[in-house]
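Chemist:
Residue numbers (this note's numbering): 52 to 301.
Structure below.
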């Protein structure tokens with residue numbers, strides 16, 4: 052598939068924006084998925100192609116957080132193993148499922164999440180980190196189901212992950228974001244394998260988009276590590292609202 056110069060520029064710009072949003076909050080895929088479809092890809096191939104960009108982005112996001120000393124590799128690893136198993140199941144479902152109905156359901160869920168963030172002042176608990184054995188076990192189980200969803204369509208999974216890490220484990224958002232990008236990196240790798248095996252990838256579009264995502268992810272991971280959680284919260288509200296609208300009307 053040949054790309055015009057304008058197409059490459061569009062992919063790069065959208066990728067940078069999506070990579071930034073994905074790293075500090077979530078929802079960037081609701082910008083990139085429509086772009087890929089508008090460029091002529093069937094929805095399931097657009098879904099698979101988008102994973103290349105997500106995978107590339109999270110390599111740089113992880114590096115950015117690590118360079119700032121913001122990480123929790125041990126806890127991230129436990130959650131990643133659970134999520135990757137779920138992602139394989141989700142990716143297999145994604146190959147043939149009707150996405151239109153699912154997108155409308157997801158848009159309602161996102162609206163609920165936004166309202167929760169806006170009206171619940173304790174929506175993000177940053178002062179009582181708790182990763183006890185009991186909470187670890189429950190979190191691992193939850194992340195298996197998050198992996199299923201992430202493998203299925205991915206869009207908005209960042210909100211789910213941040214909600215669990217912040218509300219349930221009480222982890223500060225900057226650290227929670229570092230855990231999120233690691234978990235997403237791991238399960239995306241395995242979901243990507245499923246899409247590749249089913250020949251649902253456009254490598255040319257995916258790699259060009261991935262370059263933009265990588266730049267955005269690196270910038271965001273370096274910029275957001277020491278910013279007040281209130282600023283990150285604003286990004287979550289804005290990107291989730293945009294995502295809900297696109298899901299419903301797209």
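Where is the CB? At the ideal position from N, CA and C, for every residue including glycine.
Does DSSP classify residue 173 as helix, strand or coil?
Modeler: The predicted position of residue 173 is uncertain, since its pLDDT is 48 and thus under 50; a value taken from the coordinates is nonetheless stated next. Three-state DSSP puts residue 173 in coil, outside helix and strand.
Chemist: Following the continuous alpha helix (DSSP H) through residue 102, name the residue where it begins and the one where it ends.
Modeler: 94 to 118
Chemist: Could you pull out every residue in the same chain whose Cβ sits closer than 8 angstroms to the Cβ of residue 273, ignoring the five residues on either side in sequence?
Modeler: 115, 118, 119
Chemist: Three or more C-beta pairs closer than 8 angstroms, one from the segment 252 to 261 and one from the segment 94 to 112: is that the case here?
Modeler: The segment 252 to 261, when compared against the segment 94 to 112, does touch it at the 8 angstroms Cβ threshold.
Chemist: Under three-state DSSP, which class holds residue 251?
Modeler: coil
Chemist: Where does residue 220 sit, in a helix, a strand or coil, going by DSSP?
Modeler: DSSP places residue 220 in coil when its eight states are reduced to three.
Chemist: Check for me: the alpha helix (DSSP H) holding residue 183 runs from which residue to which?
Modeler: Careful: residue 183 lies outside any alpha helix (DSSP H) and carries neither H nor E.
Chemist: Going by DSSP, what residue range makes up the alpha helix (DSSP H) through residue 206?
Modeler: Note, residue 206: premise wrong, no alpha helix (DSSP H); not H, not E.
Chemist: Going by the CB atoms, is the gap between residue 141 and residue 199 shorter than 8 angstroms?
Modeler: yes
Chemist: Assign residue 123 to one of three DSSP states: helix, strand, or coil.
Modeler: Correct three-state label for residue 123: coil.
Chemist: Start and end of the alpha helix (DSSP H) containing residue 69?
Modeler: 56 to 75
Chemist: Less than 8 angstroms between C-beta atoms, sequence neighbours within five positions excluded: which residues of the same chain meet that for residue 71?
Modeler: 79, 267, 268, 270, 271
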